[in-house]
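Residue numbers (our numbering), protein chains in the order written: chain A, 262 to 658; chain B, 521 to 618; chain C, 1319 to 1500.
A quick write-up on the structure given underneath.
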Amino acid sequence: MKAKKGKVSVMTGNVVAANAARLCRPEVVACYPITPQSEVAESLSGFVADGQLDAEIVEVEGENSAMNVCRAASMAGARVFTATSSYGLVYMYDTVLETAGFRAPVVMVNVNRETPGIHAVSSGQQDMISTRDSGWVQIIVENNQEIVDQIIMSYRLAEDFDIQLPVMMNYDGYYLSYLAEAVEMPDQADVDAFLAPLKKQPQRPRIIPGASTGCGTHGMEMGYVEARYKHWVALERAKKKVDDIDKEFGEYFGRSYGGQIEEYRMNDADIAIVASGSAAGTAKTVVDAKRAEGIKVGLVKIRLFRPFPEERLIQALKGKKAIGVIDRSICFGWKYGPMCVELKAIAPSIGSVPILSYIDGLANLDITIPHIGRVVDEVNAAAKGKAYQDVTWIPME
Amino acid sequence: MVIKHKMIFKTESPWSDANQVMLKLDTGSWRTERPVLDKEKCNYCGLCALYCPPQCMKDMSDHYEVNLAFCKGCGICAKECPKQAYTMKPEGEFTHEG
Amino acid sequence: MKEIRIHGRGGQGAVLAARMLASAFVAEGKYVASFPMYGFERRGAPVVAFTRVDDKPIREKTQIYNPDCLIVIDPGLLTLPTLFTGLQPGGAFILNSPRKLPKKPNENLKIGGVVNATGIAVQEIGRDIPNTCLLGAFAAATGWLKLESILACLPDYLSGDMLQRNLKSAERGYREVEVVKW
């Protein structure tokens, strides 16, 4: 480990995210406040006002402008940062798509909150799910320390010359955004050193005043196809890059998260549960308790959601006798939760085993320890050949 | 799936009765202090009713009475009363413990 | 692991109290995870904050269903029917009230601490922000924290005149809380 020990203090997820972004030295920040992200925007303004962050803050009237500003600044070569949630994410939808299509390496924090459709000010992953096909890299974290570390890793990923993709880093509203935990904030010099390799890479194209170039035009026939194809291939490349960056981060800072997925007690597991976000933390407690009862269960925590970590999941889940997937969102039009639907796509490579879908944790109703315990029990029964429900809405039961 | 949840909405889409809980919040329960009127000082000028943000003052023909179901205890009535007839008292004094 | 549930209203410092509690426990070498739940962010809206303390890292991120201790910042919340739901046997109860507890509010309670935190806050701080006073009362009634730890972490959240006033409020909470053991 090369890094100095950072300062440990108690901070909430939002404040931690703002500090991590500050350490990465963004040059332009345009951020519109929305519950449960507001402290991110407030903290960043505070840092600039206090002289702790040398960035241009562009005050915008809404999230659509926030992303337009960030995208434009990024295309002019700046490192940018923004944050949003739910209604805000949806308000910037058109420019979110453009940011990805124009391959602007924007790093954005999305604090998970339920989407419009029925008004909610509460945690849920629906906002992330509703932008699955935006062409962004989407990563989900479990606790405050991971928020810090993943923001730093996100810049390494987004701005990598081989990748050039915007990264949306998700963490649960309320459960993490307002969670006060002890966090080690890395030293500025170490963050600079970790991001320094980007400077040695070729420079990506940028808008230069007076120069006759443009981006994102020529979307006709093969121009469109080629741009989409390159974008699609870059997303595929991002998978291994996530693993590589995580490994390098572990070597430098002493903390590693498994890259695309984290496998918890999966080695000798007979059955597996799949979860993401703060619920994965709760799930680890349940896995330990069930293991003590003699059930050989393991947890796969999905960190990289887009691109979908197909290969790593197949490796982790192959040979398991039954799998339970906990979704904190809904896949409209499918019987199963969104992550479960996607997991079923790799079923031929895992083996024809029961894959049980659970929808829980919507609108600040917890994914509790008893809920996860029930999931493990039912997956265990399914593995033994007992009849099972292929989808369960836990709060409706 | 056995659904044990008792449906809240009677319609397919989430329509609510504006006289019931989903749209009519009992904002009075948020109060930390309430206005208490000294009737002797009141001259029925109506300024408290005019200024009340949720418009929850009831006209009692010789004075105004606050509707405690909606009064949030903002204190504007007490501040605006030209006769200083209102005193803001902490809710704790009105809670019956045990 | 100990689980503490704090009940208050927006504007009374419930959220800040949960964070200060977290800082104080961390200063004593414990692991803490503390977060609030509320709907719309406005004054007067009910707020619940959940604080977990343990000697090892805390991974569960859920609300607290079986608290070991309840801290009630607003006496008006005593009428809440779900206030004591899930309280563990041998539980503690810290209440901001100008009156004494006439009887044991719940059969699972073992320790009760009542203090007129509103009164003390109004005297020391000039406003009804009873949170720091209640933290002092919590330390005294439960013994789970040293007063010094609370006082030492307040500068992370407050400064200048406000800090001094809140330090006094916390100290008075510690000294003036009436502790009942059932």
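The beta-carbon is built from N, C-alpha and C at its ideal position, and this holds for glycine as well.
Predicted, not measured: the structure shown is a model, and the values here were computed from it.
Mapping DSSP to helix, strand and coil, what is residue i?
| i | result |
| --- | --- |
| C:I1376 | coil |
| A:V372 | strand |
| B:W550 | helix |
| C:I1429 | strand |
| C:V1498 | strand |
| A:M483 | helix |
| C:A1459 | helix |
| A:V547 | helix |
| C:K1486 | helix |
| C:M1319 | coil |
| A:Q464 | coil |
| A:E554 | coil |
| B:T531 | coil |
| B:N587 | coil |
| A:A316 | coil |
| A:K605 | helix |
| A:D355 | helix |
| C:L1398 | coil |
| A:E523 | strand |
| B:K609 | strand |
Please go through the same chain and pick out, in chain order, the residues whose beta-carbon is closer than 8 Å to the beta-carbon of residue i, but skip the five residues on each side of it.
| i | result |
| --- | --- |
| A:A624 | E375, A381, S383, S384 and G385 |
| B:G618 | Below a pLDDT of 50, predicted positions are generally treated as unreliable, and B:G618, at 34, falls in that range; the measurement from the model is reported next regardless. No residues qualify anywhere along the chain. |
| A:N405 | M272, T273, G274, V277, L437, L440, E442 and V444 |
| B:R554 | V586, L588, C591, G593, M608, K609, E611 and F614 |
| C:W1500 | K1422, L1427, K1428, I1429 and G1430 |
| A:I412 | A278, A281, A282, C285, V368, V370 and M430 |
| C:A1458 | G1431, L1465, G1491, Y1492, R1493, V1495 and V1497 |
Determine whether the beta carbon atoms of residue i and residue j lie at a separation below 7 Å.
| i | j | result |
| --- | --- | --- |
| A:M389 | A:N431 | yes |
| A:S438 | A:P568 | no |
| C:T1380 | A:D627 | yes |
| A:V428 | A:L440 | no |
| B:C576 | B:C591 | yes |
| A:A316 | A:P294 | no |
| A:V276 | A:S304 | yes |
| A:A291 | A:A327 | yes |
| C:G1454 | C:A1488 | yes |
| A:T273 | C:E1378 | no |
| C:I1412 | C:T1369 | no |
| A:G396 | A:H492 | yes |
| A:Y649 | A:E658 | no |
| A:Q521 | A:L565 | yes |
Checking the sheet assignment: what are the DSSP bridge partners for residue i?
| i | result |
| --- | --- |
| B:V522 | DSSP, once it has assigned bridges, lists no residue as partnering B:V522. |
| C:H1325 | C:V1366 and C:V1390 |
| B:F614 | None, per the DSSP bridge assignment. |
| A:Y619 | A:I587 and A:T653 |
| A:E442 | A:M272 and C:A1351 |
| A:V637 | Bridge partners of A:V637: none, in fact. |
| A:F342 | A:V290 and A:V368 |
| A:A533 | A:G559 and A:I584 |
| A:D433 | A:N373 |
| A:Q411 | Looking at the DSSP assignment, A:Q411 forms no beta bridge with any residue, so it has no partner. |
| C:G1409 | C:L1427 |
If I measure Cβ to Cβ from residue i and keep anything under 6 Å in the same chain, skipping five residues before and after, which residues do I get?
| i | result |
| --- | --- |
| C:A1332 | I1324, G1326, V1365, A1367 and I1391 |
| A:E445 | G267 and V269 |
| A:K531 | Note that residue 531 of chain A is Asp in the sequence shown, not Lys. So the list reads K557 and K582, once near-sequence residues are dropped. |
| C:V1498 | G1430 |
| A:A242 | This structure cannot settle anything about residue 242 of chain A, because the visible part of chain A is limited to 262 through 658. |
| A:Q576 | none |
| C:T1450 | N1484, S1487 and A1488 |
| C:V1350 | A1340, F1343, V1344 and V1371 |
With 7 Å as the threshold, decide whether the Cβ of residue i is near any Cβ in chain E.
| i | result |
| --- | --- |
| C:A1342 | As a matter of chain content, chain E is missing from the structure shown, whose protein chains are A, B and C. |
Excluding the five sequence neighbours on either side, which residues of its own chain have a C-beta within less than 7 Å of the C-beta of residue i, listed in chain order?
| i | result |
| --- | --- |
| B:W535 | F529 |
| A:V547 | I630, I633, G634 and V637 |
| A:I506 | M414, R417 and L418 |
| C:L1485 | L1469 and L1472 |
| A:K265 | D448 and D451 |
| A:N325 | Y352, M353 and T356 |
Is it a yes or a no for the region 522-532 of chain A touching the region 556-571 of chain A, going by three-plus beta-carbon pairs under 8 Å?
The count of Cβ pairs closer than 8 Å, one atom from the region 522-532 of chain A and one from the region 556-571 of chain A, reaches three, so the stretches are in contact.
Spell out a yes or no on whether the region 596-603 of chain B and the region 563-582 of chain B are touching, meaning 3 or more CB-CB pairs, one atom from each, closer than 8 Å.
At 8 Å Cβ cutoff, the stretches touch.
Across the region 1473-1487 of chain C and the region 1402-1422 of chain C, are there enough close Cβ pairs to call them in contact, namely three or more that are closer than 8 Å?
Three or more Cβ pairs closer than 8 Å define a contact, and the region 1473-1487 of chain C falls short of that threshold against the region 1402-1422 of chain C.
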